[in-house]
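In short: position in the sequence shown from 1, add 50, done, that's the numbering used here.
Glycine is no exception: its CB is placed at the ideal position from the N, C-alpha and C atoms.
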Amino acid sequence: METHISSHWTPTEGGEAMSYNKILSWCLVFVLVLFVTTRLGAAEPRTMTAVRIENPPKIDGELDDPCWKLAVPTSGFIQMAPEEGKLATEQTRIRVLYDEDNLYFGIECLDSRPQKIVSRLVPRDSNFWPGDLVSIVLDTFHDHQTCYVFQVNPRGVQRDLRFSEDGGRGDSAWDGLWWSAAEITDRGWTVEVAIPFKSLGFSRENEQIWGVNVQRFQGSKQEDSNWSFIRRSDISFAQVSRAGDLLGLSDIKPGLHLELLPYGMTKYTQDLEKDEGSGRRDVGLDIKYGITSNLTLDVTFNPDFGQIEADEERINLTRFELFYREKRPFFMERSELFTPMNLFYSRRIADPSFGAKLTGKIGDYSFGLLTCVDEERGPDPTYVVFRLQKDLPQNSSMGIIGVGKQKGEDQYSRAFGIDLSLRPGRNTINLDLAKSFQPGLRKDDWRASILFIGQFGDRFSMRSEFEDIQPEFNVDQIGYIPHDPHVGQKRFDSLANYRFEIGKFGVRWVTLGQRIHATKWTDDPRWGWDWSNASIILSLKNHDWIILEHRDWYLRWRQKGYRGETLGLSYDMRGKAFIRRLIVRGWTEDNYDWGDDYFGEIRAVSVLGEMRPRDNLSLDFDGNVIWEYLPSGKLDEIRKVGNVRVTYFPTRRIFLRVFAPLNPSLHRYAINALLSYAYSPMSRFYLAYNEQRSKNMKLTDRIIMAKLSYLWNL
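Encoded structure:
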C-alpha cells in the first residue's frame, strides 16, 4: 500500500484562491434564480366532508352501524408506486363522521385476493412494512406544515406520529389516545378509527377546515396509493401541502388536554464481581397539559427509563464518537423542534431528575423551551434549550435556537444558531449560522453551512452542501457536531442521482450516482477528497435491490496524504415468505486505523435481517465482521459485533421482547428481556431483566425491575 505525501487534487492552488465571499455570492444568486423561475400555481385540493352525528359508532371494525349510512363516501386513490399516477388496482372507500367528542373514520379496503392480505401482530408504534395498512393524515391547523398521522393494520394495531416541515421531519415518539379496530372479510378488510378531539391541537374557530389525506399500502402487491396524489419524489406520504381539505367540522373544542402518568417502580441490582446487591423503590410522575389548543407543557419528575432497550453494539472506524439515536420518550417527542444543526444532542443528558418542556404554535410561530437537571458527580448541571421558528411562504421557515449547560459559576457550554429553510418548488435550501461559547474563548468559534437539495422532474436529484467550522467552535458538551479540537475545517459535499426506467430483464429501474466530498483543515494547506465514481442501484421487479459502489479517495491527516479506494456490493432482499428483509453487504477498502495509528486495509462483511416466522413472532438481527490488515499485509485483528432481537405477541396487549447486544471483540455481552402488558390505553405494566457478561461469558451484573404506570386523561 503506497503512501503519498503530495496532494493529488488541490482546489485552491497557492492557498485560498477561491474566496469565501465569492462562494456566498454565487449561492445567493442561485437562490434568487430559483425563486424567480419557480411556478407558484397549484391544483385545487380534493375535498371530503365530515357529517355530524348524535349516536356514535361502536369501534369494532365492522362498519355496520346505522350512522355510517349518513356519511358521504369518497374514493379514487392514485398510485405512488409501483405505477405512479395510475388509479389504484383495488378500491378504497372513506367515510368521515364526528360528534362533540370524537372524529370517526370508516375505511373499506377492497381486495380481490383477501387471502393474501399481509397482517401481523407487532408492538404498538412499530413499522408495519411490508404489511397492509391505512394511514390517516390530519393537518389540524391547516398550515400545510404540521400534521398528525394515525396508522392501523388489519389486526387493528396502532401507530401514530407527528410531522413538521411539510412531512420532512417525523416525530415517532408522540403517543395520542385514540381507538381503532379492524376486520378481515371475504371482500378485503375494514377499519374503524375514533380520534378524540382532546388528543389533537387545533384553533378555536367555530368553522374548521383541516388538511386531510389517507394512504393505503397493499402488502401483497407492494402497492402504495393515496386519496390525494403523492408523487414518489415527494418528501413523504405526510407531505401535507399535497393534502386535500376536510370540510364540515364546526362547534368542536379541543378539551382540557391534561394527562397524568404516575409510575411506581421496584428494582434489584446485583454486582456479582463484588458480591453486592441492593434494592430500590421509586415513584415518578409525567404531566402533559395543553395550556391552550396549541400550547403544551410536559413535565417529568424523577423519570425512570428502565424499560428502554439498550444501545446496539457497533464498530467505530472513525476518530469521533458514534451518534446514538434517542429512545427516551420525553426527549423524543417534538425532538425535531430542538435539533436543527445538532446544536442540542439529548443523549448528553444521562440521568435526569427533572425535566420540563413547553412547545406550541401561535400563528406562524412555532416555539419550544426545554430544561433538564442531570445527576452527575459534583454540582448537578442544568440544560436549557430555546427554539423559535417562523413559517414563511412556500412552506419555508426561519428560526433561532439557543442551547446551554451550566455546572457551577464558571463551568458552562453554550451555543446560539440562526437557520433559514427555503423551499422553492420541489427544492430545498438551508442556510445555518452558529456560534459556541466556552469559558475563556471569544473568537474563532463560528460555524456556517449552506445545503441545497434539488428535485428536477421525477428522475434527477442532487444534494450539495458547504460547511465552514472555525477552530474553537465546540458544542461537545451539549450537541453533536464532531470535529478535531482547536482545528477548523472547510467541507464540500455534492451528490447527484439519475434514475432510468428499464422495465426489462427483471429490472424496474436503475439509479446512477456521482458524489464528491472534499475537506480542508486549518492546520493543513492541502485538501483531502473522496470521489464516488461508481454508484449503481438496481431496483428489481421482485422488489429486491442490488447496490454497487466504488470510491477513490485521498485522506489528509497530520500534513500527510494517503491515497486509497473502497469497493462495496450489497444485496437487499425484501418480502420473501417470512423474510421481511435481508441485506448482505461486503466491502474492501484502504483504511487509516485511528486507534493503532497506521494506514492499512480492511475487508468486511455485514448482514441485517428482519424475519417474521409467524404473524405474532419476529426475529431481527444484524452483525458485522471486519478483518484489519497492517501495511505489511499481515492480519492485525478481527472485530465482531452483533445484535439479536426476538419479539413475541401472545395477544395485542402483551408482548415479550429479548434483545442481546454482543461484542465478542471486547468480551462484552448483554441480555435485555422485557415483558409488557398494556392493561389500558397508554397504561402499562413492565417486567424487565437485564444482565451483563464478560470474558468467557462470565455473569458480572444483573438487574430485575417491575414498573407500573397508569394514564389519567382529563
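- For Leu442, the enclosing beta strand (DSSP E) begins and ends at Thr432 to Leu442.
- Pairwise C-beta distances place the stretch 260-275 out of contact with the stretch 354-365, as fewer than three of them are shorter than 8 Å.
- Of the residues Asp321, Asn592 and Phe252, the one whose Cα lies closest to the Cα of Ser744 is Asp321.
- For Phe373, same chain residues with a beta-carbon under 7 Å away, outside a window of 5 residues either side, are Tyr530 in chain order.
- The three-state secondary structure of Ser733, taken from DSSP, is strand.
- Restricting attention to Val657, Thr561, Glu376 and Ala484, the CA atom closest to the CA of Gly449 is found in Ala484.
- Within the DSSP secondary-structure output, Ile234 pairs in a beta bridge with Trp239.
- The continuous alpha helix (DSSP H) containing Leu387 extends over residues Ser385 to Phe388.
- Our two residues, Asp284 and Ala231, have alpha carbons roughly 30 Å apart in a direct line.
- Val694 carries a strand assignment under DSSP once its states are collapsed to helix, strand and coil.
- Under DSSP, the beta-bridge partners assigned to Thr142 are Cys159.
- Taking Trp260 as reference, the option from Leu250, Phe267 and Tyr621 with the minimal CA-CA separation is Leu250.
- Pairing Met755 with Tyr719 gives a Cβ-Cβ distance that is not under 8 Å.
- A distance of 8 Å or more separates the beta carbons of Phe388 and Gly340.
- Contact annotation, Glu515 with Asp543: C-beta distance approximately 5 Å; criterion of less than 8 Å satisfied.
- In the three-state DSSP reduction, Val290 falls in the helix class (H, G or I).
- The beta-bridge partner set that DSSP reports for Ala121 is empty.
- In this structure, Arg209 and Asp175 form a Cβ contact; the two beta carbons are roughly 5 Å apart against a cut-off of 8 Å.
- For Pro700, DSSP assigns no beta-bridge partner whatsoever.
- Taking C-beta separations shorter than 6 Å and ignoring five residues to either side along the sequence, the partners of Pro431 in its chain run Asp424, Lys455 and Lys457, following chain order.
- The beta-bridge partner set that DSSP reports for Arg752 consists of Gln320 and Glu741.
- Just so you know, the alpha carbons of Arg398 and Asp526 end up roughly 9 Å apart.
- No residue range can be given for Met391, since it is assigned to no beta strand (DSSP E) and is classified by DSSP as neither H nor E.
- Residue pairing of Ala484 in beta bridges, as defined by DSSP: Gly467 and Arg497.
- For Pro116, there is no enclosing alpha helix (DSSP H), as DSSP marks it with neither H nor E.
- The beta carbons of Thr97 and Cys159 sit about 21 Å from each other, so the pair does not count as a contact at 8 Å.
- For Arg631, same chain residues with a beta-carbon under 6 Å away, outside a window of 5 residues either side, are Arg624 and Glu660 in chain order.
- DSSP places Pro379 in the uninterrupted alpha helix (DSSP H) bounded by Pro379 to Met382.
- Leaving aside the five residues that flank Ser656 on each side, the residues in its chain whose CB is nearer than 6 Å to its CB run, in chain order, Arg635 and Asn674.
- In this structure, the alpha-carbon of Gly126 lies about 12 Å from that of Arg266.
- Shown here, Phe247 sits in a helix according to DSSP, grouped into three states.
- Distance from Val537 to Asp580 at the Cβ level is roughly 19 Å; contact not present, criterion being Cβ atoms closer than 8 Å.
- Between Met732 and Asp225, the C-beta gap is smaller than 8 Å, which places the two residues in contact.
- Look at Pro532 here: in three-state DSSP terms it is coil, with no helix or strand label.
- Remark: fewer than three beta-carbon pairs, one from each stretch, lie closer than 8 Å, so the stretch 346-355 and the stretch 476-492 are not flagged as touching.
- Collapsing the DSSP output to three states places Leu716 in a helix.
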